[in-house]
């Protein structure tokens, strides 16, 4: 298992102290990302999916639990205390391409930063230029873009520049935090396909964080669905979409606005979306989903359900299963 | 059926550093009484500009607007009385419910303001009763508590419910919704769409909803306009347009949307929206179009009816195909 | 088509130049900013060449033409003459120089100092460094510049260099504060997060990533401040601090003329108008720059 694992997350927990009390953003989460796979992390706002992404790249460390990288390196520490090699091997792409590129720098200057930072030796000016150009060409943008400012290029192209910046470090694992959420549909498709293509070509592993179920259906190998800091279901993509077990997952799938009757037929029909997502500050007791759950039993209010394997590789966290 | 909103031959230009942006070259659309109409378009296609023109709030220079007619409920909007008529007959729902509500006033105060303009001189109790009714109609849990809250104390979904209840409280005939669910989570979006759908039908209002979320539009509209680079490229009943798109842009857009069926994603539509400065002489989609011919680059296609039903498309290839059938 | 075209453009033109052209277009569209720019350019010209431009440059010193005293504005004496028969217009032009000199000294001291401390405090926000710098800043901010400058002038020599030093002591905290606020908002930008996660050094983050984004705001503030400093310097010379007679300064000319109001109004009104116009010019220019230099707006 650990031979093939890229990331192994065990009992990961993150609390934030706010002036309204303790916010439990991530509450004891376990999952494994294999080498060479795209792992989807899906959830609505407040589910803690981005918090997990931030902990993997080291924006901050976890309150408890461990994260292991490539089977042996402990990375449950903030980036400041990580080795240079780790910083190079784990890269990230943010949701908002507008804010992730410095508006006062040209694309060339932006790409030079990782090339210089993560080079194995001192580079000559020509080598540097060559690597910067390679990075840009890899994501399919023309060389002319090197002299442009971020404001002069479109949203999708900006996001590709962000991908190029991540690739310029020659990483093994990339955290993609809602990489296409800010983009238009026709551009999203291009960026998504490019990401998939680059993953196969460079033998990368991705953690793909998103709220878009349809996107996950088409790009991820496996996925986990989160609700209020807990993973409620965790399976292979195909298995998950044909046979969703958790009531929240079913509600989520039933809510997707789709484009054809064919897709309509694939949605679970028996469950209707009700209620509001509670604030993570006032997390319900027991199963966090019980106030919205149509199959609620008395045990759900008191006991937190445990993760159970419903079929090989398919885990769900519900008292009713 | 009477036309609630009618825009004919609207053109809008902006003057900027690089030259003149010809954002909308000449656009017509209409919403009839009781209809729910969707306007699909991606970023920068000018859909918000059209909405602004419809709500008579597009008057800031450097925008230069020319139009044959904009009528709301049969009255032109280009006079003081016309604007007043718009204010009386149109209510708007915005994308971001957190900026649509004044953060310094309680919900009750903000709803009261609308009620007072609508029904002057009522007793305090009957105002409260009306407000409670409005909130109950959007299935708001604990309406008393909501009335006494500030917007910041409510969640995004609840704020949008308040906005919808306020839009419906006014006795208006047309509701303009600008991306009403884009800022919301999927499960909440579903509830809001359902609610909007139900209320518009129940109160017999007309609705024009603008969004880039195709699924949401499909869910709650009867007719749909597809916009590309300032032009309407396709019009028809929602069902027909989604089932058998005629314009290559609509087709590409539908294909690029990730599906639940999991057949992978089509590679989107190559290229970008053309620049609005010196836009292409012919069809604005020609550079990205897989079916473009020499004619498309020379001449701009106009909206032509297809078949017997209400179906319009602005594409030479699609028009020829329809004729051949 | 459109795409290949723009790619070619990017190769032929320098992107910085293109950005400047765009900014200039936006700036020149606003008549108020243009008026500001013209006034400021004129002020700089006058400051540089006042000895040449002034029709009676020798009137700056101790010189008397008693026969021409208290003449009203005329073609020969545009702003009339004062109690010694000196040309008010010439004295005004020469009075620009100390005002601008004070502004220059104040900015030269307070901008580098203030920005440096602001960057430091902003980068180490929440730590002891932040607290110490913020508290010191607040301490200095609470003292009015006029009073501080008076104290400095009284402690040392009463000339315009010390007067400027006095103002600078009270002025730098504002630059610390504006820089601090900008840096704090920048740390939320994802490109700063990226550089931090990549392990790029503190100095490079500050100087290469943050500073270019601060420059426009700081230049704008400097422009607006030049007006305020000239006003402060004029107030000081009005009460007799700074430039000493017989060298003219705008403030002291106003105060000297006050005793001759209202018959010989031009003695104090003309220099007062000059101060107002200069300050307005810098403010208009500053407002214009604020609009133009923000990158986010398209």
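Protein chains in written order, with this note's numbering: chain Z, 4 to 324; chain G, 1463 to 1787; chain X, 35 to 332. Virtual Cβ for every residue (Gly too), placed ideally from N, Cα, C.
Below 8 angstroms, enough C-beta pairs join the stretch 130-148 of chain X and the stretch 202-211 of chain X to call them touching: three or more. For residue 316 of chain X, the enclosing alpha helix (DSSP H) covers residues 300-327. Boundaries of the alpha helix (DSSP H) around residue 1710 of chain G: 1710-1718. Annotation: the continuous beta strand (DSSP E) that includes residue 1696 of chain G extends over 1693-1699. Taking the Cβ atoms as the reference, residue 82 of chain X lies roughly 11 angstroms from residue 127 of chain X, outside the contact range of under 8 angstroms. If one requires a minimum length of 3 residues, no beta strand (DSSP E) run lies completely within the stretch 105-136 of chain X.
For residue 192 of chain X, there is no enclosing alpha helix (DSSP H), as DSSP marks it with neither H nor E.
Residue 215 of chain X has a beta carbon lying at 7 angstroms or more from every beta carbon in chain Z.
For the stretch 1701-1731 of chain G, the set of positions with a beta-carbon nearer than 9 angstroms to some beta-carbon of chain Z reads 1704, 1705, 1711, 1714, 1715, 1716, 1717, 1718, 1719, 1720, 1721, 1722, 1723, 1724, 1725, 1726, 1727, 1728, 1729, 1730 and 1731 in chain order. Ranked by Cα distance from residue 16 of chain Z, the first of Z/89, Z/162, Z/302 and Z/50 is Z/50. The contact set of residue 90 of chain Z on chain X, defined by CB atoms closer than 9 angstroms, consists of 231, 232 and 233 in chain order.
If you compare the alpha carbons of Z/47, Z/63 and Z/231 with that of residue 284 of chain Z, the shortest gap goes to Z/231. Residue 118 of chain X is outside the set of residues whose beta carbon lies under 7 angstroms from a beta carbon in chain G. Within the stretch 242-263 of chain Z, those residues whose Cβ lies closer than 9 angstroms to any Cβ of chain G are, in chain order, 244, 251, 254, 255, 256, 257, 258, 259, 260, 261, 262 and 263. Along the stretch 114-130 of chain Z, the positions whose C-beta sits under 8 angstroms from a C-beta of chain X are 116, 117, 120 and 121, read in chain order. In this structure, DSSP gives residue 123 of chain Z a state outside helix and strand, which the three-state scheme calls coil. Judged by their CB atoms, residue 161 of chain Z and residue 104 of chain Z are nearer to each other than the 7 angstroms cut-off.
At least 7 angstroms separates the CB of residue 1476 of chain G from every CB of chain X. Excluding residues up to 5 positions away in sequence, 290, 300, 302, 303, 306 and 308 lie with their Cβ nearer than 8 angstroms to the Cβ of residue 322 of chain Z in the same chain. When rounded, the separation of the alpha-carbon atoms in residue 193 of chain X and residue 125 of chain X is 18 angstroms.
Closest by C-alpha distance to residue 257 of chain Z, out of Z/265, Z/264 and Z/269, is Z/269.
Between residue 1481 of chain G and residue 59 of chain X, the alpha-carbon positions lie close to 11 angstroms from each other. Residues of the stretch 1537-1562 of chain G that bring their beta carbon within less than 8 angstroms of a beta carbon in chain Z are absent altogether.
Under the Cβ criterion of 7 angstroms, residue 292 of chain Z is not counted among the residues facing chain X.
Only residues of its own chain outside the window of five on either side were considered, and among them 1691, 1742, 1746 and 1749 have a CB closer than 7 angstroms to the CB of residue 1736 of chain G, listed in chain order. Of the candidates Z/69, Z/181 and Z/89, Z/181 places its Cα closest to the Cα of residue 214 of chain Z.
Spanning the alpha carbons of residue 1544 of chain G and residue 1530 of chain G requires a straight line of approximately 15 angstroms.
If you draw a 10 Å sphere on the C-beta of residue 83 of chain Z, you find fewer than 16 other C-beta atoms in it, and that means exposed.
At a beta-carbon threshold of 8 angstroms, none of the residues of chain X lie near residue 295 of chain Z; the nearest stands roughly 33 angstroms away. Within chain X, the C-beta atoms nearer than 7 angstroms to that of residue 1479 of chain G come from 56, 59 and 60, in chain order. Distance between residue 235 of chain X and residue 1499 of chain G, taken at the CA atoms: about 55 angstroms. For the stretch 211-225 of chain Z, the set of residues with a beta-carbon nearer than 9 angstroms to any beta-carbon of chain G comprises 214, 215, 216, 217, 218, 219, 220, 221 and 222, in chain order. Against chain Z, the CB of residue 1695 of chain G has no partner CB under 7 angstroms away; the residue lies outside that interface. For chain Z, the residues of the stretch 1609-1631 of chain G that bring a beta carbon within less than 9 angstroms of one of its beta carbons are 1617, 1618, 1619 and 1620, in chain order. Just so you know, the alpha carbons of residue 1697 of chain G and residue 1478 of chain G end up roughly 31 angstroms apart. Cβ proximity to chain X below 8 angstroms picks out 60, 61 and 62 from the stretch 37-70 of chain Z.
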